[in-house]
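One structure is given here, and the rest of the page talks about it.
There are 2 protein chains.
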Amino acid sequence: LTNLLPAKNGEEPTMQFLLEVVDILTNYVRKTFDRSTKVLDFHHPHQLLEGMEGFNLELSEQPESLEQILVDCRDTLKYGVRTGHPRFFNQLSSGLDIIGLAGEWLTSTANTNMFTYEIAPVFVLMEQLTLKKMREIIGWPNGEGDGIFSPGGAISNMYSVMVARYKYFPEAKTKGMSAVPRLVLFTSEHSHYSIKKSGAALGFGVENVILLKSDERCVKCAGRGLENTLQSLGYVPLFVNATAGTTVYGAFDPIDEIADLCEKYNMWLHVDGAWGGGLLMSRKHRHKLSGIERANSVTWNPHKMMGVPLQCSAILVREKGLLQGCNQMCAGYLFQPDKQYDVTYDTGDKAIQCGRHVDIFKFWLMWKAKGTIGFEQHINKCLELSEYLYNKIKDREGFEMVFRGEPQHTNVCFWYVPPSLRGMPDCEERRERLHKVAPKIKAMMMESGTTMVGYQPQGDKVNFFRMVISNQAATKSDIDFLIEEIERLGQDL
Amino acid sequence: LTNLLPAKNGEEPTMQFLLEVVDILTNYVRKTFDRSTKVLDFHHPHQLLEGMEGFNLELSEQPESLEQILVDCRDTLKYGVRTGHPRFFNQLSSGLDIIGLAGEWLTSTANTNMFTYEIAPVFVLMEQLTLKKMREIIGWPNGEGDGIFSPGGAISNMYSVMVARYKYFPEAKTKGMSAVPRLVLFTSEHSHYSIKKSGAALGFGVENVILLKSDERCVKCAGRGLENTLQSLGYVPLFVNATAGTTVYGAFDPIDEIADLCEKYNMWLHVDGAWGGGLLMSRKHRHKLSGIERANSVTWNPHKMMGVPLQCSAILVREKGLLQGCNQMCAGYLFQPDKQYDVTYDTGDKAIQCGRHVDIFKFWLMWKAKGTIGFEQHINKCLELSEYLYNKIKDREGFEMVFRGEPQHTNVCFWYVPPSLRGMPDCEERRERLHKVAPKIKAMMMESGTTMVGYQPQGDKVNFFRMVISNQAATKSDIDFLIEEIERLGQDL
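Chains as they are written, first to last, in the UniProt record's numbering: chain D, 1 to 493; chain X, 1 to 493.
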């Protein structure tokens with residue numbers, strides 16, 4: 001090992017080692033796109049912990065040989081999950097974009113930090129330009145405003161709550177939450193749990209995060225529920241989160257309607273577009289976020305619908321200066337005012353982080369490589385695929401849709417009803433048995449390694465499958481495969 | 001572009017493209033370790049924004065060619081900063097570990113997410129085993145406890161405050177900060193600003209983060225200051241942060257002494273070892289953190305002193321269950337209780353994040369490759385180098401130490417006094433002129449691209465250089481070079 005760089009004469013062994021690693025990685029990439037490869041080779045935790053042949057997770061005192069390190073790399077991939085596989089539909093983030101991958105490899109090689117222009121000049125400017133472009137696409141005049149890339153949608157949503165609080169009650173920063181009136185946050189019951197997590201973390205309390213009733217498609221409900229609640233409430237309504245693309249149903253809250261209420265009651269409007277923000281890139285689908293230009297802040301995760309490798313999430317804020325005001329502590333050792341360059345380019349004091357990973361480059365590089373129209377094509381294609389799926393199963397024997405109507409996003413939610421349950425009337429026994437169907441099919445899928453799709457219960461609905469498509473490698477044949485696989489695995493349940 | 005995977009017959013062009021990217025990256029790696037290469041090729045923001053020859057940061061509608069993408073990759077590296085260069089001393093994180101780099105490349109290729117065992121089985125287990133190992137090294141019995149990797153030390157510190165609050169006032173989670181007594185957090189004035197940021201974000205208010213006076217080495221001061229303050233205080237003391245390795249001075253707070261007070265006053269003890277935690281790996285230096293086994297939580301960033309690529313930060317908690325209790329929201333779509341495997345391995349509900357980047361693999365792989373003793377050797381070597389630097393400049397003409405005595409960590413803080421100021425008595429004019437010396441030398445360093453080292457003022461001390469060493473590529477000759485370079489650039493100021 002000691003013969004790798006920076007060791008003397010380490011150049012040759014280093015190059016050789018890196019090329020061997022790359023060989024492992026490119027083989028993995030090649031196989032990921034090959035449908036004859038399994039999506040995963042499932043093992044239980046205890047199996048992996050006991051150690052597979054030649055693969056031992058335990059750390060030790062003494063170094064291992066470079067040969068063993070290469071074996072470890074191979075095995076780590078072998079026992080993992082191919083999230084780029086055309087038949088991996090398990091999460092909102094899927095796919096393996098080759099340009100994005102190259103961008104991440106470069107990012108790791110550059111191994112720097114976003115806090116100052118000083119050590120990340122190119123990345124800081126790329127971030128600035130890309131955020132501006134995103135604000136233009138949202139529709140804020142001249143793309144003015146502010147923003148920052150954060151380590152994920154949950155943190156981006158947390159930023160929105162922090163900034164809203166700072167805007168209306170700046171004294172909370174210095175004096176804390178006990179110095180301000182009791183503040184409430186609104187979000188729909190189908191919104192992402194990170195709004196509640198933010199409420200808990202930031203000192204509002206989960207009880208002051210009010211979950212508005214809404215139906216599976218959220219249409220109109222969020223708005224009416226909100227107004228009713230506001231009128232009966234004694235506390236100060238601070239913030240409303242409108243979800244653009246709910247996690248399970250892919251529903252879009254009516255932003256314009258909510259924006260009217262926010263204006264009327266002087267509340268901050270945040271749009272959580274972590275999942276649905278990507279639709280802004282599509283002239284065909286962006287109307288689903290109509291009104292987003294009225295938002296005070298927007299969460300938008302390119303690592304979901306736009307296929308950018310993990311992690312890549314932006315929080316965008318319409319009013320300039322709030323992020324900085326809210327978070328700055330002016331640490332002298334990082335943000336010296338007497339540097340030789342224009343220090344307004346230093347981004348660190350806007351962040352709740354100190355060091356911040358470079359998440360921008362892969363996204364910037366993908367944008368360069370695809371152009372805006374490339375993202376549009378990707379989005380349109382994914383939505384066409386989900387429409388194909390919907391049309392295929394909506395009247396198919398053994399399938400029941402969780403909600404009627406064409407999907408607004410790529411989410412298609414359905415039950416598979418095995419033959420044994422098909423004649424049975426809706427009763428407790430049927431519900432109990434149906435509840436167990438999706439987990440059983442999922443377990444068999446994972447054990448056979450052929451495909452992966454998520455399931456969950458929701459409210460009074462028993463476990464159902466949630467299909468989502470963001471993988472550019474997926475085709476109609478993969479959708480067909482999924483349906484047939486569900487039928488194959490589920491027919492005897 | 002459309003001929004890359006998943007395009008039909010995309011395998012060949014994809015492999016070719018990735019190998020061309022790797023060629024750019026390996027060339028960069030090779031040059032990074034070559035001292036005849038510059039550390040950076042400095043340009044002002046407006047220069048890069050106007051566009052360098054063939055390098056344009058603007059994003060457009062239409063795709064670019066793959067050839068241009070390769071040029072963009074080359075130029076992005078060209079105008080960046082080589083943080084792995086043996087003469088880059090600008091941040092606490094420096095160096096480019098080849099094994100860590102390979103680990104990051106693999107991580108990006110796997111492109112998955114830490115929230116469930118389901119989609120990151122190997123990484124989740126690696127995280128669990130590595131955290132246990134770290135807890136053993138801290139000295140908690142049998143390595144019991146909990147922890148998670150977070151997107152950086154600031155977020156890790158934020159976790160510690162959240163968990164402390166949850167332990168003593170669990171109702172804050174549901175009812176918010178207005179339902180609990182006024183709580184105060186203690187930390188030394190030389191601690192990292194993230195404690196204040198956490199106070200602001202989590203609803204305590206910055207005024208309730210009490211900064212304890214301490215000297216440059218923190219010895220004994222934190223403890224006494226704390227007791228005096230506690231006795232005069234009417235509020236509820238919740239939390240004390242003891243810094244193990246301050247950012248500027250590299251000083252270690254007396255943990256044992258602070259732990260006594262925490263026991264006496266029933267307060268949570270957090271040790272911020274983001275910078276100094278790595279010293280636990282060294283039998284020679286770990287005594288500087290003596291008492292850390294009494295902490296309730298510890299922040300420890302392997303991406304700093306241990307040379308792991310960015311980002312890699314752990315928050316470790318002695319009591320099991322608190323992280324989960326504090327953060328869980330039980331989202332049904334991710335954390336189904338009826339999965340086929342043991343779902344206690346799912347980590348997502350411990351986190352304030354939803355998606356979480358895989359930060360563990362590179363660290364695990366480095367540990368495998370170096371062994372525990374490899375990290376020990378690295379730490380010892382860096383501390384020897386800083387001792388070498390200290391001995392070299394402590395009595396050297398034109399250098400003044402900011403604090404006397406051998407450095408506790410690798411931080412060596414000093415003024416360079418140009419000949420024109422050497423005879424001058426300590427007066428306002430001398431202070432003003434000396435204040436400008438470090439920024440001027442730093443600007444010249446960056447423009448000539450030969451080396452980089454940080455500077456800052458602190459309290460009533462005018463700008464001084466802060467040298468830190470965590471780069472395994474640095475040698476005595478690089479320390480010599482830095483000193484000579486400062487003298488060369490500063491002699492006529």
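Ideal Cβ positions, reconstructed from N, Cα and C, are used throughout, including at glycine.
Which whole-angstrom value describes the C-beta separation of residue i and residue j, a residue pair presumed to lie in contact below a C-beta threshold of 8 angstroms?
i                      : j         : result
residue 549 of chain D : X:Leu-365 : As displayed, chain D neither begins before 1 nor continues past 493, which places residue 549 of chain D out of reach and without an answer.
X:Tyr-193              : D:Met-329 : 4 angstroms
D:Gly-80               : X:Val-343 : Not quite, the Cβ-Cβ distance comes to about 18 angstroms (not below 8 angstroms), so this is no contact.
D:Leu-493              : D:Pro-418 : 4 angstroms
X:Ser-198              : X:Asn-157 : 6 angstroms
X:Ala-274              : X:Asn-241 : Between X:Asn-241 and X:Ala-274 the Cβ distance is about 11 angstroms, and since that is not below 8 angstroms, they are no contact.
residue 506 of chain D : D:Gln-353 : Residue 506 of chain D is absent from the structure shown; chain D starts at 1 and stops at 493.
Any Cβ of chain X within less than 7 angstroms of the Cβ of residue i?
i                      : result
D:Leu-482              : no
D:Met-281              : no
D:Tyr-208              : The identity of residue 208 of chain D in the sequence shown is Asn, whereas the question assumes Tyr. D:Asn-208 counts as touching chain X.
D:Gly-245              : no
D:Glu-67               : no
D:Pro-13               : no
residue 494 of chain D : This structure cannot settle anything about residue 494 of chain D, because the visible part of chain D is limited to 1 through 493.
D:Pro-170              : no
D:Arg-433              : no
D:Pro-151              : yes
D:Lys-167              : no
D:Asn-111              : yes
Determine, for residue i, whether the minimum Cβ-Cβ distance to residues of chain D falls below 7 angstroms.
i         : result
X:Cys-427 : no
X:Cys-73  : yes
X:His-270 : no
X:Lys-38  : no
X:Asn-157 : no
X:Glu-127 : no
What are the start and end residues of the alpha helix (DSSP H) that includes residue i?
i                      : result
X:Ser-160              : 153 to 168
D:Arg-430              : 428 to 448
X:Ala-259              : 255 to 265
residue 540 of chain X : Because chain X is modelled from 1 through 493, residue 540 of chain X falls outside the range shown and cannot be assessed.
X:Gly-147              : Element bounds for X:Gly-147: not the alpha helix (DSSP H) but the beta strand (DSSP E), 146 to 150.
Using DSSP with H/G/I as helix, E/B as strand and the rest coil, what is residue i?
i         : result
D:Asn-56  : coil
D:Trp-140 : coil
D:Gly-203 : coil
X:Ser-178 : helix
X:Arg-74  : helix
D:Gln-458 : strand
X:Thr-246 : coil
X:Met-114 : coil
X:Met-329 : coil
D:Met-424 : coil
D:Phe-123 : helix
X:Trp-275 : coil
X:Arg-294 : helix
X:Leu-96  : coil
D:Phe-403 : coil
For the beta strand (DSSP E) holding residue i, just list the boundary residues, first then last.
i         : result
X:His-43  : Segment: none, X:His-43 is in no beta strand (DSSP E) and carries neither H nor E.
D:Ser-297 : 297 to 300
X:Thr-187 : 183 to 188
X:Ile-315 : 313 to 317
For residue i, which of the options has the nearest alpha-carbon?
i                      : options                                       : result
residue 550 of chain D : X:Gly-459, X:Glu-12, X:Pro-170 and X:Ile-195  : Residue 550 of chain D is absent from the model: chain D starts at 1 and stops at 493.
X:Glu-50               : D:Leu-211, D:Leu-129 and D:Met-177            : D:Leu-129
X:Gln-324              : X:Tyr-166, X:Ile-98 and X:Arg-30              : X:Tyr-166
X:Val-71               : D:Leu-106, D:Asp-253 and D:Ile-69             : D:Leu-106
X:Phe-375              : X:Gln-491, X:Phe-335, X:Lys-284 and X:Arg-318 : X:Lys-284
X:Lys-175              : D:Gly-203, D:Leu-385, D:Phe-149 and D:Asn-90  : D:Gly-203
X:Glu-406              : X:Tyr-416, X:Gly-398 and X:Lys-394            : X:Lys-394
D:Gly-277              : D:Gly-291, D:Leu-96 and D:Trp-268             : D:Gly-291
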